[in-house]
Each structure stands twice: as structure tokens, then as C-alpha cells.
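Asker:
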DNA sequence: GATGAAAAATAAAGTAGTTTAAGAAATTAT
DNA sequence: ATAATTTCTTAAACTACTTTATTTTTCATC
């Protein structure tokens, strides 16, 4: 099991002794998702929060016209899952699938609750993870309200320079909230400068 | 100091003894903001997270044309603040002001850190608060991506039925990401049904 | 209760982004 | 390598929403 990334990330925020690390590790299960494979489908109950070792996942909804809308990307060193479905054990409203072959470490709800109880430091760790996620989302909401599609695209490639090379452009469009056709047009316009 | 609301909210998630409640209380300061008064201005450093006892605050940005974009409303029983500015002690990118006379209880960064240290149960409380906030924001992001302005407006009045009566329509428009003129048009269209 | 200021309504003209459709390019599978 | 599928590009017609300007209504304050 490849634990380096997640343990490094944890070590940035809380201090654990070897026993606690081993205990945490014992609560995780590993999963591999092939490209285009699913981590979670809308309507299913989200059994796990997943930490990403490698690859790229996207969380999205599908509207009544069949169009996909990407709420978030998750890449190495980050976590994902339908948190509402996970916490309430109700059907998920988002689907999560893989844009690349992806390897995750998962923790179930029961095990996460045990972990909070047995190693309270993890309350702190997840509190900090959630703070970061909250801030990132708040900035994203502001982006969608205050900026044009062109500005949002420029901000995207600036903020996630590596990601644009790794995923199809239509996924970037689905994240920006525009059509692939319009993104193509924007790129053409921006290239001629 | 009116503590009912916040203490009730805390009691839903963690158990505190009287001593801990008193200690928590001792770390809070009360503040009253008149309607149109400011809790925080863009560029200032956010010194406090605020729990709302009564009233209504809005967190917004102002674009280069002077247009306001509302990232969130905060009403009774909720909290607000520019979390990024608060955590990093760097200039805020959002402004927070009052749409009604508002009463808040505030905690400073130093006191919150003390609180986490002295009463670890608060790690859990804030973790849960952040989970709820994260979920609400994720749903909001999905709304703005997947729905038209009309659908978003209908969802808004359904989800916050009381709020529409309390605040000017132009603030609802700034939250939905449309102009007040277009919201007015939508309302006229919807009324004639 | 009058007065001034802010908010809401209306309408016409304009634009950012969508839709549709068809072909070219790139990627994946055989 | 070739075929099949998916992705990207281009362009014209279209629409959801904006902009600008004017009028009416509501609200706060003296």
C-alpha cells in the first residue's frame, strides 16, 4: 500500500507516533480505478472518503439534458467523495469517475468515526482539510459570479497548469461552466495574441 | 451577552461541562453592527470568526466595474468571516456587511487556537460546522453550473423562504449571479402563471 | 407627513455564450 | 497499421442574460 503521500500530508498538520500511524493505516483499504471507471455513481450511497495517491478523479452531476457539470477535480495529495452522502448514508447526488488510472486509499464511515474517537488528533487533521476545501470552494463561487468565461479559463490554467495537459478540454469546459465549442473558440482567440 | 443560540448549536454536536462552557464564553466578545455597517472590508485582516445571534450578513466581492457579487449570506445560527484572511492573517478579498441590524459573538484567532488546545472537543465542533459549510457550497457550485437563472431563483426561494422577505431583491440577484433587472423580469414572468 | 434616496419595474438594443451541424484531428482498441 | 470512437474545430443561427435609460414604487429620515 502506497502511503507516502497521505502520511506526509498528515504530518504537516498533526504529530502521530508510530502506533497511531499503524492504527490509521489498518483502517484504510486500497482501491484502483481504471480510466473511465467509477468511484461512485449518483444514487449510490458513498461508503468511503478517498485519498488520492495517483491519477485524477472528477465529481460531477448530470442535468436533465444529459450534460455533465464538474463540481471538482481531485488529484494527487487531495481527497474526494460525496461528503453529504457519506455523512448521512443517503443516495449520492454526484457521480465520481476517473480521468486517468487512479489509486486511492479509502476509509469507511465506521472506521473514520472510530479514528476520531481513538486518535482525536484526526479531528484536527480533517478540520484543517475542510478549512482548505471550504476556502477553495468559496474562491470558486466568487470566480463564477464575478468573472467571464475567458477570465475563468485564464485563471484555471494559471492555477492548475499541469491539469490542462492531463485531461480532455471538454472536461475543462464542464468545470468552467461553458460548452466545449465555446472553450475552443476562446482558445483560438487567446492563441492569436 | 446572548449566548443561547450558539450554545444550543454546540450542544447538538459535542458535550461540554459547565466549566468548559464558561471558558468558551470567556473567549468571546460581542459586537453589534448596524444595518449597512461593516464587519470586514476587503484589504483588512479578518481578526475574528463571528457567530450570528440575530440579523443578516453578506460576504461579497466587488469587481472592477464596481458590481457586487455575494458569495454567501449568513443569518441566525450560522457563522461567518473571511476564513482565508483569518487563518493566514493576510488582507481579506471579501467584504462583509450587514443587511439588517446584526448581533454577533466573535472569537479571535489566538483565542480559537487556545480553545482548540484547551478543549479539544471544539476541534470536533468546528470540523462538523465546516463539513456542513462545505456541503452547502458544493451544492451551490453545482446549482450555478447546472441550472438556469430561473431555476436557481426558484431553488433560492424554496431553500430560504424567509430570507427573500428580509432583504432587497437586488441582493438576491447579486447572490444568484444575475442583474436586478433580469430578476425583476423573471419574477414578472413567474407571477403570471 | 413631506422629502429625498434607494429599490424595483419596464422596455429596447446589445452581447456573451449556446445550439446545431459537419468536418478534421487525435486517441483507443482491434 | 487500420478501424472505430472520441475529442476538437469552425461557423452560422439563436437565446439567455446584460446594458442603458426612463419611470414608478418603496423606504428611511427629518
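Residue numbers (the working numbering), protein chains in the order written: chain S, 1 to 193; chain W, 1 to 193.
Glycine included, C-beta positions come from ideal geometry on N, C-alpha and C.
Keep in mind that this is a model prediction, so the values were computed, not measured.
Measuring only the C-alpha atoms, how far is residue 44 of chain S from residue 80 of chain S?
Answerer: One C-alpha to the other measures close to 15 Å.
Asker: Just list the beta strand (DSSP E) runs in the segment 4-50 of chain S, keeping only unbroken ones of 3 residues or longer that don't cross its boundaries, in chain order.
Answerer: Entirely contained in the segment 4-50 of chain S, the beta strand (DSSP E) runs reaching 3 residues are, in chain order, 29-33, 38-40.
Asker: How would you label residue 165 of chain W, buried or exposed, when you count the other beta carbons within 10 angstroms and need 16 or more for buried?
Answerer: Exposed, since its Cβ has fewer than 16 Cβ neighbours within 10 Å.
Asker: What is the rounded straight-line gap between the Cα of residue 85 of chain W and the Cα of residue 92 of chain W?
Answerer: Taking the straight line joining both Cα atoms gives about 5 Å.
Asker: Using 9 Å as the threshold, is the C-beta distance between residue 57 of chain W and residue 71 of chain W below it?
Answerer: Not in contact: residue 57 of chain W and residue 71 of chain W (Cβ atoms no closer than 9 Å).
Asker: Is the beta carbon of residue 83 of chain W sitting closer than 9 Å to the one on residue 134 of chain S?
Answerer: For residue 83 of chain W and residue 134 of chain S, yes; Cβs fall inside 9 Å.
Asker: Beta-carbon of residue 146 of chain S versus every beta-carbon of chain W: anything under 9 Å?
Answerer: Taking Cβ atoms only, chain W reaches closer than 9 Å to residue 146 of chain S, which makes this a yes.
Asker: Is residue 69 of chain W close to chain S? Criterion is C-beta to C-beta, closer than 9 Å.
Answerer: Judged by the 9 Å Cβ criterion, residue 69 of chain W is in contact with chain S.
Asker: So, residue 3 of chain W versus residue 69 of chain S, is the Cβ gap smaller than 9 Å?
Answerer: Result no, Cβ atoms of residue 3 of chain W and residue 69 of chain S do not sit closer than 9 Å.
Asker: Within the present structure, is the beta-carbon of residue 43 of chain W separated from the nearest heavy atom of the ligand ADP by less than 8 Å?
Answerer: No copy of the ligand ADP occurs in the structure displayed, which carries no ligand at all.
Asker: By a C-beta neighbour count over all protein chains shown, 10 Å radius and 16 as the cutoff for buried, is residue 129 of chain S buried or exposed?
Answerer: Buried.
Asker: If we define contact as Cβ-Cβ less than 9 Å, is residue 93 of chain W a contact residue for chain S?
Answerer: Closer than 9 Å to some Cβ of chain S, the Cβ of residue 93 of chain W qualifies, so yes.
Asker: Residue 172 of chain W by DSSP, collapsed to three states: which one?
Answerer: Helix, per DSSP.
Asker: Please list, in chain order, the residues of the segment 125-137 of chain W that have any C-beta partner in chain S closer than 8 Å.
Answerer: Cβ contacts with chain S come from 126, 127, 130, 131, 133, 134, 135, 137.
Asker: If I measure Cβ to Cβ from residue 36 of chain S and keep anything under 7 Å in the same chain, skipping five residues before and after, which residues do I get?
Answerer: The answer, listed in chain order, is 97, 98.
Asker: Taking 9 Å as the threshold (C-beta atoms), are residue 102 of chain S and residue 54 of chain S in contact?
Answerer: Yes, these two residues count as a Cβ contact at 9 Å.
Asker: Name the one or two DSSP bridge partners that residue 91 of chain S has.
Answerer: BP columns for residue 91 of chain S point to S:45.
Asker: For residue 72 of chain W, which residues does DSSP report across the bridge?
Answerer: Paired residues: W:59.
Asker: Please return the same chain residues whose Cβ sits closer than 6 Å to the Cβ of residue 178 of chain W, not counting the five positions on each side in sequence.
Answerer: 149.
Asker: Let me confirm a value: residue 104 of chain S is counted as buried when at least 16 other C-beta atoms fall within 10 Å, else exposed. Which label applies?
Answerer: Per the 10 Å Cβ criterion, buried.
Asker: Can you check whether the C-beta of residue 180 of chain S is within less than 9 Å of a C-beta belonging to chain W?
Answerer: It does not: the Cβ of residue 180 of chain S has no partner Cβ on chain W nearer than 9 Å.
Asker: CA-CA distance, residue 111 of chain W and residue 142 of chain S?
Answerer: Going by the C-alpha atoms only, they are around 29 Å apart.
Asker: Where residue 221 of chain W and residue 108 of chain W are concerned, what is the direct C-alpha to C-alpha distance, given to the nearest angstrom?
Answerer: No information on residue 221 of chain W is available, as it lies outside the stretch 1 to 193 that chain W covers here.
Asker: Among all the DSSP beta bridges, which residues are the ones paired with residue 79 of chain W?
Answerer: According to DSSP, which records beta bridges pairwise, residue 79 of chain W is partnered with W:51.
Asker: With a CB to CB cut of under 6 Å and the five nearest residues on each side skipped, what residues in its chain are close to residue 157 of chain W?
Answerer: Closer than 6 Å at Cβ, skipping near neighbours: 164.
Asker: Could you name the residues of the same chain whose beta carbon sits closer than 8 Å to that of residue 121 of chain S, not counting the 5 residues immediately before and after it, in chain order?
Answerer: Only 14, 15, 16, 20 meet the Cβ criterion.
Asker: Just to confirm, are residue 137 of chain W and residue 106 of chain S a CB contact at a threshold of 9 Å?
Answerer: Result no, Cβ atoms of residue 137 of chain W and residue 106 of chain S do not sit closer than 9 Å.
Asker: Could you tell me whether any Cβ in chain S is nearer than 9 Å to the Cβ of residue 164 of chain W?
Answerer: Chain S, which has no Cβ nearer than 9 Å to the Cβ of residue 164 of chain W, makes this no.
Asker: Got a sec: which bits of the segment 34-62 of chain W sit with their beta carbon under 7 Å from any beta carbon on chain S, in order along the chain?
Answerer: Here the close residues are 61.
Asker: Taking 9 Å as the threshold (C-beta atoms), are residue 24 of chain S and residue 172 of chain S in contact?
Answerer: No; because the gap between Cβ atoms is not below 9 Å, this pair is not in contact.
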